[in-house]
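Trainee: Below you'll find the structure I mean.
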Amino acid sequence: MPATADFRSDTVTRPTPEMRRAMAEAEVGDDVFGEDPTVNQLEARAAEILGKEAALFVPSGTMGNQTAIKAHTQPGQEIICDDRSHVILYEMGMPALFSGCLIRGVPTTDGILSWPDVAARLRHATDHFQGSGLVVLENTHNMAGGTAYPLSSIEEIAEKSHAAGIKVHMDGARLFNAAEAMGYSVSDAVAPVDSVCVCLSKGLGAPVGSVLAGTAEFIAGSRRIRKALGGGMRQAGVIAAAARIALEDGPGQLSKSHADAQYLAAAIREADGVELVSDVQTNILFFRVSAAGVSAASVAEGLKQRGVLVIAMGDRIRVLTHRDVDRADCERAVAALRECLKA
Ligand SMILES: *Cc1c(COP(=O)(O)O)cnc(C)c1O
Numbered sequence: 027m028p029a030t031a032d033f034r035s036d037t038v039t040r041p042t043p044e045m046r047r048a049m050a051e052a053e054v055g056d057d058v059f060g061e062d063p064t065v066n067q068l069e070a071r072a073a074e075i076l077g078k079e080a081a082l083f084v085p086s087g088t089m090g091n092q093t094a095i096k097a098h099t100q101p102g103q104e105i106i107c108d109d110r111s112h113v114i115l116y117e118m119g120m121p122a123l124f125s126g127c128l129i130r131g132v133p134t135t136d137g138i139l140s141w142p143d144v145a146a147r148l149r150h151a152t153d154h155f156q157g158s159g160l161v162v163l164e165n166t167h168n169m170a171g172g173t174a175y176p177l178s179s180i181e182e183i184a185e186k187s188h189a190a191g192i193k194v195h196m197d198g199a200r201l202f203n204a205a206e207a208m209g210y211s212v213s214d215a216v217a218p219v220d221s222v223c224v225c226l227s228k229g230l231g232a233p234v235g236s237v238l239a240g241t242a243e244f245i246a247g248s249r250r251i252r253k254a255l256g257g258g259m260r261q262a263g264v265i266a267a268a269a270r271i272a273l274e275d276g277p278g279q280l281s282k283s284h285a286d287a288q289y290l291a292a293a294i295r296e297a298d299g300v301e302l303v304s305d306v307q308t309n310i311l312f313f314r315v316s317a318a319g320v321s322a323a324s325v326a327e328g329l330k331q332r333g334v335l336v337i338a339m340g341d342r343i344r345v346l347t348h349r350d351v352d353r354a355d356c357e358r359a360v361a362a363l364r365e366c367l368k369a
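This is the structure:
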């Protein structure tokens with residue numbers, strides 16, 4: 027356990043002793059030849075849990091999302107998504123760079139698209155424009171504060187987009203957090219969409235890796251795109267072994283980190299000069315400190331000096347709870363925040 031309490035992201039978790047053991051003992055082969063049994067088992071199990079025909083192990087969520095975008099679109103087409111989506115803000119411009127697509131970003135308060143948001147931007151190819159190629163739903167939504175899609179919204183957007191001939195991809199980096207908060211199964215949440223990318227390396231606790239899932243045909247195409255991106259990983263069973271444990275045991279740990287986030291949210295609601303940006307649904311909180319007359323950056327620095335790591339983003343501070351912080355760390359964070367605000 028590190029000496030600091032690290033709330034910067036749920037990606038900071040370290041592999042557990044059980045994961046380290048599984049990595050050391052993993053049976054491996056060359057996954058580019060399809061011969062790594064540990065990777066093959068992980069992909070089969072991920073497909074089963076997600077209720078899709080097939081799945082593909084990828085090194086990162088970015089590679090999974092951008093592989094899906096490439097597989098579903100043609101250059102010149104438009105992608106409809108929330109305007110603070112990870113796929114456009116934090117994936118190095120890859121929709122343009124790799125797939126040659128344009129973005130139709132939808133401004134929302136909570137990161138959750140509705141069918142009218144999508145319908146207003148859907149365009150069919152004509153002699154004047156290429157039209158829409160894909161709708162992307164981010165569940166949970168990172169920059170909106172870990173907000174989750176209601177099942178009915180996913181179903182309506184997918185059904186009506188499909189009726190218009192448009193595919194739907196879910197950036198489910200934190201899909202299991204959404205399922206935990208909303209009380210639906212991950213397979214029900216992704217049944218309506220064509221593809222989903224889930225990070226195993228966030229709240230679920232794997233050191234590395236994400237899975238992309240969809241039809242067998244989509245995954246066969248995605249396998250070639252992954253290779254083009256340099257994602258053919260050879261004896262990847264050593265990381266797939268840890269990822270498998272994360273996939274099996276990680277979901278059961280999320281309720282604890284969601285409760286920790288609620289504990290922090292309650293403390294922030296009570297404190298003077300700080301303001302939660304939105305309700306907390308899962309493991310992500312954003313709050314402002316401007317009413318205390320201090321900058322987010324100076325509060326983040328003050329917390330750091332007290333052994334509590336967070337990220338300042340403009341006038342907001344982002345905090346994530348995860349497997350490697352516990353309630354005592356949360357109590358320490360609250361005490362440190364009170365000290366910073368007083369100082
Ligand atoms: C973390 C994240 C990803 C993928 O990020 P990688 O660092 O490439 O694994 C994708 N979408 C969202 C919403 C994320 O939070």
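In terms of the working numbering, the sequence shown has 209 at position 183, counting the first letter as 1, and numbering is strictly consecutive.
For every residue, glycine included, the Cβ atom is placed at its ideal position computed from N, Cα and C.
No experiment lies behind these values; they were computed from the predicted model shown.
Whose CA, out of Ile245, Ala285, Pro233, lies closest to the CA of Ile265?
Mentor: If we check each option's Cα against that of Ile265, Pro233 comes out closest.
Trainee: Hey, Gly263 and Val84 are a contact pair by Cβ (cut 8 Å); roughly how many whole angstroms apart?
Mentor: Between Val84 and Gly263 the Cβ distance is about 15 Å, and since that is not below 8 Å, they are no contact.
Trainee: Mind pulling the alpha helix (DSSP H) runs of 4 or more residues that sit fully within the region 198–271?
Mentor: 201–208, 212–216, 242–254
Trainee: On the criterion of 16 or more Cβ atoms from any shown chain inside 10 Å, does Asp298 qualify as buried, or is it exposed?
Mentor: Exposed is the call here.
Trainee: Would Ile271 and Leu82 be called neighbours here (beta carbons separated by less than 7 Å)?
Mentor: no
Trainee: For the region 92–167, which segments carrying the beta strand (DSSP E) assignment without a break, of at least 3 residues, lie completely within its bounds, in sequence order?
Mentor: 104–108, 128–132, 158–164
Trainee: Consult DSSP for Ile180 and reduce its assignment to one of helix, strand or coil.
Mentor: helix
Trainee: Quick check: the region 111–122 against the region 84–98, are at least 3 beta-carbon pairs closer than 8 Å?
Mentor: yes
Trainee: Kindly list the residues whose CB is nearer than 6 Å to the CB of Thr134, restricted to its own chain and excluding five residues on each side of it in sequence; keep chain order.
Mentor: Asp108
Trainee: Just to check my reading of the structure: Lys228 and Asp36 have Cβ atoms closer than 8 Å, yes? What is that Cβ distance to the nearest angstrom?
Mentor: With a Cβ gap of about 4 Å, Lys228 and Asp36 count as contacting.
Trainee: Any heavy atom of ligand 1 closer than 6 Å to the CB of Asn168?
Mentor: The answer is yes for Asn168.
Trainee: So, with DSSP's three-state summary, where would you put Thr64?
Mentor: helix
Trainee: Taking the C-alpha atoms as reference points, what is the distance between Met27 and Val351?
Mentor: In this prediction, Met27 scores a pLDDT of 42, lower than 50, which makes its location untrustworthy; the coordinate-derived value is nonetheless stated afterwards. Cα-Cα distance, rounded: 9 Å.
Trainee: CB-CB under 6 Å to Ile294, same chain, minus the five flanking residues each way: which ones, in chain order?
Mentor: Val300, Leu302, Phe313
Trainee: Enumerate in chain order the residues of its own chain whose CB-to-CB distance from Glu181 is below 7 Å, with the five nearest sequence positions on each side excluded.
Mentor: Excluding residues within five positions, the ones whose Cβ falls inside 7 Å are Pro218.
Trainee: Out of curiosity, what's the CA-to-CA distance linking Met169 and Ala359?
Mentor: 21 Å
Trainee: Can you find the residues in the same chain that come closer than 7 Å, C-beta to C-beta, to Val65, ignoring five residues on each side of it along the sequence?
Mentor: So the qualifying residues of the chain are Asp57, Phe83, Ala262, Gly263, Ala266.
Trainee: Quick check on this structure: which residue in Ala323, Gln307, Thr39 has the alpha carbon closest to the alpha carbon of Tyr289?
Mentor: Gln307
Trainee: Using a Cβ-Cβ cut-off of 7 Å (strictly less than) and excluding sequence neighbours within five positions of Ala207, which residues of its own chain qualify?
Mentor: Closer than 7 Å at the Cβ level, and outside the excluded window around Ala207, lie Ala174, His284, Gln307, Thr308.
Trainee: Could you tell me whether any non-hydrogen atom of ligand 1 is closer than 6 Å to the CB of His112?
Mentor: Taken from the Cβ of His112, at least one heavy atom of ligand 1 lies inside 6 Å.
Trainee: Leaving aside the five residues before and after Val144 along the sequence, list all residues of the same chain whose C-beta is less than 6 Å from its C-beta, in chain order.
Mentor: Within the same chain, Val144 has close Cβ partners Ile106, Val161, Ile183.
Trainee: DSSP three-state label for Ile192, please.
Mentor: coil
Trainee: Which residues in the same chain have their Cβ closer than 8 Å to the Cβ of Asn165, if we skip the five residues on either side of it in sequence?
Mentor: Ala174, Tyr175, Ile180, Met196, Asp197, Gly198, Arg200, Leu201, Ala204, Ala215
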